[in-house]
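In order, the protein sequence lines correspond to chains A and B. Mapping of the first sequence onto the working numbering: position 297 corresponds to residue 297, and the numbering continues sequentially without gaps. Mapping of the second sequence onto the working numbering: position 128 corresponds to residue 128, and the numbering continues sequentially without gaps.
Protein chains: 2
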Amino acid sequence: MTIAILGGGQLARMLVLAGTPLGLRFRCLDPAPDAVAGHVCEHLCAPFDDPDALAKLARGAEVVTFEFENVPAATTERLLQHGPVRPHPRALATGQDRLFEKQLFQHLGMGVPEYRTAHTLAELQAAVAAVGAPCIVKTRRLGYDGRGQARLKPGPELAAAIAAAHRELTRGNDGGLIVERFVPFQRELSVLAVRSLRGEIAVYPLVENVHEGGILRRSRAPAPDVSTATSKQAHDFVAAVLQDLDYVGVLAIELFDLGGTLLANEMAPRVHNSGHWTIEGSVCSQFENHVRAVAGLPLGSTAMAHGQATMVNCISTLPARDAALALPGVHVHAYGKQPRENRKVGHATVVGADRAAVDALAAKVSALPPARGEW
Amino acid sequence: MTIAILGGGQLARMLVLAGTPLGLRFRCLDPAPDAVAGHVCEHLCAPFDDPDALAKLARGAEVVTFEFENVPAATTERLLQHGPVRPHPRALATGQDRLFEKQLFQHLGMGVPEYRTAHTLAELQAAVAAVGAPCIVKTRRLGYDGRGQARLKPGPELAAAIAAAHRELTRGNDGGLIVERFVPFQRELSVLAVRSLRGEIAVYPLVENVHEGGILRRSRAPAPDVSTATSKQAHDFVAAVLQDLDYVGVLAIELFDLGGTLLANEMAPRVHNSGHWTIEGSVCSQFENHVRAVAGLPLGSTAMAHGQATMVNCISTLPARDAALALPGVHVHAYGKQPRENRKVGHATVVGADRAAVDALAAKVSALPPARGEW
Chain A
1 MTIAILGGGQ LARMLVLAGT PLGLRFRCLD PAPDAVAGHV CEHLCAPFDD PDALAKLARG
61 AEVVTFEFEN VPAATTERLL QHGPVRPHPR ALATGQDRLF EKQLFQHLGM GVPEYRTAHT
121 LAELQAAVAA VGAPCIVKTR RLGYDGRGQA RLKPGPELAA AIAAAHRELT RGNDGGLIVE
181 RFVPFQRELS VLAVRSLRGE IAVYPLVENV HEGGILRRSR APAPDVSTAT SKQAHDFVAA
241 VLQDLDYVGV LAIELFDLGG TLLANEMAPR VHNSGHWTIE GSVCSQFENH VRAVAGLPLG
301 STAMAHGQAT MVNCISTLPA RDAALALPGV HVHAYGKQPR ENRKVGHATV VGADRAAVDA
361 LAAKVSALPP ARGEW
Chain B
1 MTIAILGGGQ LARMLVLAGT PLGLRFRCLD PAPDAVAGHV CEHLCAPFDD PDALAKLARG
61 AEVVTFEFEN VPAATTERLL QHGPVRPHPR ALATGQDRLF EKQLFQHLGM GVPEYRTAHT
121 LAELQAAVAA VGAPCIVKTR RLGYDGRGQA RLKPGPELAA AIAAAHRELT RGNDGGLIVE
181 RFVPFQRELS VLAVRSLRGE IAVYPLVENV HEGGILRRSR APAPDVSTAT SKQAHDFVAA
241 VLQDLDYVGV LAIELFDLGG TLLANEMAPR VHNSGHWTIE GSVCSQFENH VRAVAGLPLG
301 STAMAHGQAT MVNCISTLPA RDAALALPGV HVHAYGKQPR ENRKVGHATV VGADRAAVDA
361 LAAKVSALPP ARGEW
């Protein structure tokens with residue numbers, strides 16, 4: 001059985017590594033000649049809208065899935081002519097658009113930060129006035145890792161900042177903007193869950209995330225100090241989203257924790273960086289469970305394997321290789337990517353029974369000097 | 001950094017899966033067009049003695065390693081012209097020959113079953129007479145999974161059995177025979193260890209193995225009911241072998257346990273089936289540690305990750321797919337091989353804190369009906 005993946009980055013690579021022991025084969029499509037999933041599976045090097053490449057990708061494949069949500073509609077339409085695409089492009093369409101996402105969250109009774117949409121500069125000015133500064137302007141579509149976002153502060157420079165944000169964020173973007181009120185959250189959480197073809201749902205424990213510059217830096221699971229009620233709220237919410245979208249595969253939802261009150265921020269209709277700890281930290285990782293789900297197989301257990309897990313992202317550079325590998329109990333995942341400013345080039349996970357010990361070892365990884373180049 | 005592997009079976013495949021997260025690339029050479037490591041790395045499909053293929057295998061590779069010990073001497077000599085081979089072919093030569101192996105074990109003060117060598121039928125008759133039946137005749141070289149072996153029982157048919165064994169085992173075999181006294185062992189154990197390029201040694205806990213028909217069926221780690229003295233003896237012994245051979249990589253030694261007295265049976269200069277449980281059962285698996293060692297990297301921890309582990313081999317067929325995947329906590333590894341009588345097509349591992357619970361779940365896997373074909 002062959003699984004086709006749209007995209008050949010580190011998420012596709014980890015899907016391949018997790019799915020191969022299930023006896024599955026993989027094929028990916030990515031326009032980048034050095035796409036790192038290509039190290040471990042067949043790699044079709046072509047644009048995402050190349051009809052021949054899409055036909056080749058789907059040929060003989062049981063199912064097509066993807067490692068990113070910004071798939072052009074024309075691409076998914078073509079793929080659907082060849083066979084099943086999971087999760088279904090209908091779900092993708094919601095995850096691609098910050099407005100549709102929020103409307104779904106609200107429809108399911110979940111709170112979201114106050115927001116307004118805008119296209120023109122005048123609409124953006126009105127939206128900021130309605131929501132109030134500080135606020136965040138985001139493109140409705142195609143944003144990730146803090147890209148396609150601008151923070152606006154109150155004060156004499158606000159008008160100029162609005163104009164600059166409008167200029168920046170509407171460049172090459174026809175999907176409009178959304179202004180979100182800045183939420184004084186205590187922390188960011190995420191909830192990852194998976195739904196099978198038969199409708200079974202399994203939810204991973206809540207994750208606590210630390211972002212810097214819009215990029216995830218560190219995740220801890222299970223998120224410390226979460227009440228049973230909060231945990232249940234997140235669990236029920238992600239299950240409701242999965243059901244509403246008739247979703248198949250792994251879904252991640254980012255949440256703001258306002259001292260026990262949760263607001264939904266955004267969702268990612270795919271495996272997610274805040275779930276990388278599940279490779280060592282869970283009985284069955286998000287990657288294996290996504291593969292199981294889209295391949296129509298039974299789900300694996302989302303229980304913690306060791307009690308606690310902390311993941312540290314390697315941004316721009318990996319840590320010094322020998323120093324990192326010499327730390328016992330540190331699981332390093334180097335993605336095989338060229339180091340580049342603000343690029344995710346790897347992550348490291350520490351697992352164990354004791355939260356303080358796990359965090360202490362993770363801190364050692366963060367404190368390592370950077371590697372000089374690739375590993 | 002690229003690692004070249006001679007052989008492209010499931011051991012090479014698991015080396016690739018374990019080494020890829022270290023940022024390494026892999027290339028394998030295997031004459032079989034359907035070699036399953038080829039699903040996850042570059043596969044050169046050519047005979048092991050093809051000089052051009054060997055040059056291509058080694059080109060740009062940091063090191064060449066192998067997934068089996070029966071490498072022709074001409075092959076290793078050619079490879080050494082291109083760059084480092086780890087473990088060194090000197091170590092391989094010992095592991096390839098049951099006589100050399102036993103002589104090394106004895107040299108290091110380890111007991112071995114009483115044995116005699118033979119080439120001619122007359123020598124074989126004399127050897128059996130000296131050792132006494134019941135005994136086992138083995139080819140000195142090229143045996144595995146019970147092949148190249150014959151068991152001889154005392155009685156009126158012994159003479160005919162000796163003649164038949166000689167006929168069978170000398171066919172296409174120029175390395176001679178070895179006759180080993182049958183040892184009334186209580187159980188079979190194995191010890192796996194790894195030595196780095198810098199000479200660091202790490203040893204996995206002793207493993208208890210159950211063979212049937214010469215093929216490994218089940219491994220449990222740590223082996224239950226092992227005294228500290230026995231454990232230390234095995235540990236010191238494998239460390240002495242590693243040092244004596246200036247070995248780099250993972251080495252496995254099979255032992256007979258005669259109620260606390262250990263005898264060495266044979267060694268495998270490579271990752272070993274009785275170490276497959278280390279993928280989930282150890283902080284750092286035998287596969288990752290072999291890759292770390294041959295690549296010149298620091299070793300990972302050989303400590304147990306969950307306390308207990310049991311591995312069940314899938315011989316001839318895999319278990320029914322959906323039933324196996326639906327068992328929570330069962331880690332199935334399907335090798336992507338066509339089912340065939342007595343072929344190792346996969347394994348399943350169960351880990352946990354409680355020995356009885358781990359064994360009970362492993363027994364459920366063993367009791368599953370077979371899959372109808374490939375997964």
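For glycine and all other residues, C-beta sits at the position ideal for the given N, C-alpha and C.
- The beta carbon of R141 of chain A sits closer than 6 Å to the beta carbons of Q96, D97, G175 from its chain, once the five residues preceding and following it are set aside; these are given in chain order.
- For the pair of segments examined, the stretch 262–276 of chain B was found to touch the stretch 107–118 of chain B: the number of CB pairs separated by less than 8 Å reaches three.
- The contact set of R167 of chain B on chain A, defined by CB atoms closer than 8 Å, is empty, because the minimum CB distance reaches about 40 Å.
- Nearest C-alpha to L22 of chain B among A:A32, A:P21, A:Q10: A:Q10.
- Judged by DSSP in its simplified three-state form, P72 of chain A adopts coil rather than helix or strand.
- Between H333 of chain A and chain B, the shortest Cβ-Cβ separation is below 8 Å.
- Residue environment analysis places V210 of chain B among the exposed positions, since fewer than 16 neighbouring C-beta atoms fall within 10 angstroms of its C-beta.
- Taking a Cβ-Cβ cut-off of 8 Å, the neighbours of V283 of chain B in chain A comprise P328, G329, given in sequence order.
- Following the DSSP letters along the chain, one finds D244 of chain A inside the alpha helix (DSSP H) bounded by residues 228–244.
- From the listed residues A:A320, A:C314, A:E374, A:R321, the smallest Cα separation to T349 of chain A is found for A:C314.
- Among the residues of chain A, those whose CB is under 9 Å from the CB of R25 of chain B are H39, G336, following chain order.
- Under the three-state reduction of DSSP output, H331 of chain A falls in the strand class.
- Between the C-alpha atoms of P370 of chain B and H331 of chain B there is a straight-line separation of about 17 Å.
- The beta carbon of K364 of chain A lies closer than 7 Å to those of L327 in the same chain, with the five residues before and after it left out.
- Excluding its 5 nearest sequence neighbours in each direction, S301 of chain B has C-beta neighbours in its own chain below 6 Å: V283, C284, listed in chain order.
- Among the residues facing chain A, E374 of chain B is included, as its CB has a counterpart in that chain under 8 Å away.
- Three or more Cβ pairs closer than 8 Å define a contact, and the stretch 269–282 of chain B meets that threshold against the stretch 241–257 of chain B.
- Neighbours of S301 of chain A in chain B, taken as residues at a C-beta separation under 8 Å, are given in chain order as P328, G329.
- Separation of M311 of chain B and H119 of chain A (C-alpha to C-alpha, rounded to the nearest whole angstrom) is 60 Å.
- Taking 8 Å as the CB threshold, T65 of chain B stays off the interface with chain A.
- Residue environment for S219 of chain A: buried (at least 16 other C-beta atoms within 10 angstroms of its C-beta).
- Per DSSP, the unbroken alpha helix (DSSP H) holding N289 of chain A starts and ends at 286–294.
- Annotated three-state conformation of Q96 of chain B is coil, per DSSP.
- Per the C-alpha coordinates, the member of B:V248, B:D49, B:A229, B:Q286 positioned closest to V63 of chain B is B:V248.
- Around the beta-carbon of Q103 of chain A, fewer than 16 other beta-carbon atoms lie within 10 Å, marking it exposed.
- At a cut-off of 8 Å between beta carbons, P205 of chain B makes no contact with chain A.
- Taking A163 of chain A as reference, the option from A:E123, A:V194, A:Q186 with the minimal CA-CA separation is A:E123.
- Secondary structure at Q308 of chain B: strand, using DSSP grouped into helix, strand and coil.
- For T20 of chain A, the chain B residues whose C-beta falls within less than 7 Å of its own C-beta are L17, H39, V40, listed in chain order.
- If you draw a straight line from the Cα of I215 of chain B to the Cα of P319 of chain A, it comes to about 43 Å.
- In terms of beta-carbon proximity, D322 of chain A lines the interface with chain B, with at least one pair separated by less than 8 Å.
- Residue state for E123 of chain A is assigned as helix, using DSSP reduced to three classes.
- Here F66 of chain A has L6, G7 as same chain residues with Cβ atoms under 6 Å from its own Cβ, once five neighbours each way along the sequence are excluded.
- The residue among B:A55, B:L361, B:E266, B:A309 with its C-alpha nearest the C-alpha of P224 of chain B is B:A309.
- For A357 of chain A and V207 of chain A, the gap between their C-alpha atoms comes out near 18 Å.
- Listed along the chain, the chain A residues whose CB falls inside 7 Å of the CB of P298 of chain B are D322, L325, A326.
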